[in-house]
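Residue numbers (the working numbering): -8 to 168.
Here it is in structure tokens:
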């Protein structure tokens, strides 16, 4: 059964605090559908940036985030609370971005586009995503499995150029045999 969460990510409390005056910006809204009942995706936003905090106890799942506002915020950041990141995909209907962080040795980060793993992206690509491993103390983590940490990445602006109605995120912490 899919869990559907609809929430306002900005403006509600400030609108109430203004004692009935119109807020300057309408709140951004997202409809989020997760594959598993115990997955959660929480949105935190200000006027220009939205962070989606993903928690997935099983570690293999997906979420669809649909915008109900006119456009996506200028910056979309993901925080994936997983122990590892063997596979990550972000899809917008036309473009698929892939990433993986090796769980052995140097925790090498790899990113590529449209299933072309043999053509890795670099920092010059408009689709480049820097992926950081963050520990529970909010300092850079150095080893996998992460303990109460997360993987953080900003989805590139090029990913939102055509203003897709929805994006799909898929993740696997570790492959299981």
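For each residue, glycine too, the CB sits at the ideal point set by N, CA and C. This one's a predicted model, so the numbers in the text were calculated from it and none came from an experiment.
With a CB to CB cut of under 6 Å and the five nearest residues on each side skipped, what residues in its chain are close to residue i?
| i | result |
| --- | --- |
| residue 30 | 47 and 52 |
| residue 65 | 39 |
| residue 75 | 94, 135, 136, 164 and 165 |
| residue 35 | 42 |
| residue 140 | 125, 126, 127 and 132 |
| residue 201 | In the structure as shown, the chain starts at -8 and stops at 168, and residue 201 therefore has no counterpart that could be examined. |
| residue 8 | Model confidence at residue 8 stands at a pLDDT of 35, short of 50, so the residue's coordinates are unreliable; what they give is reported in the following sentence. Within the same chain, residue 8 has no close Cβ partners at all. |
For residue i, which of the options has the nearest alpha-carbon?
| i | options | result |
| --- | --- | --- |
| residue 72 | 123, 154, 149 and 158 | 123 |
| residue 80 | 159, 128 and 107 | 159 |
| residue 57 | 21, 147 and 70 | 21 |
| residue 121 | 147, 161 and 49 | 147 |
| residue 154 | 37, 85 and 25 | 85 |
| residue 49 | 62, 70 and 26 | 26 |
| residue 152 | 23, 34, 83 and 24 | 83 |
| residue 110 | 24, 99, 89 and 125 | 89 |
| residue 161 | 63, 28 and 87 | 87 |
| residue 143 | 102, 112 and 70 | 70 |
| residue 115 | 103, 108 and 107 | 103 |
Just checking my contact of residue i with residue j at CB under 8 Å: how many whole Å lie between their CB atoms?
| i | j | result |
| --- | --- | --- |
| residue 117 | residue 149 | 4 Å |
| residue 32 | residue 54 | 5 Å |
Can you give me the Cβ contacts of residue i inside the same chain, cut-off strictly under 8 Å, excluding the 5 residues immediately before and after it?
| i | result |
| --- | --- |
| residue 77 | 91, 92, 94, 163, 164, 165 and 166 |
| residue 98 | 92, 124, 133, 134 and 135 |
| residue 106 | 87 and 89 |
Taking 7 Å as the limit between beta carbons, can you name the residues of its chain near residue i, skipping five residues before and five after?
| i | result |
| --- | --- |
| residue 138 | 127 |
| residue 156 | 57 and 58 |
| residue 112 | 102, 103, 104, 118 and 119 |
Review point. Where are the beta strand (DSSP E) runs, 3 residues long or more, that stay fully inside the region 49 to 75, in chain order?
Key: 51 to 58 and 66 to 72
Check your understanding: Taking contact to mean at least 3 C-beta pairs separated by less than 8 Å, is the region 33 to 46 in contact with the region 122 to 136?
Key -> With the cut-off at 8 Å, the region 33 to 46 and the region 122 to 136 do not touch.
Check your understanding: What are the start and end residues of each continuous beta strand (DSSP E) run of 3 or more residues lying completely inside the region 71 to 114, in chain order?
Key -> The qualifying runs are 76 to 82, 87 to 92 and 100 to 104.
Practice item. Could you pull out every unbroken beta strand (DSSP E) segment of at least 3 residues lying fully inside the region 115 to 147, listed in chain order? Key: 122 to 125 and 141 to 146
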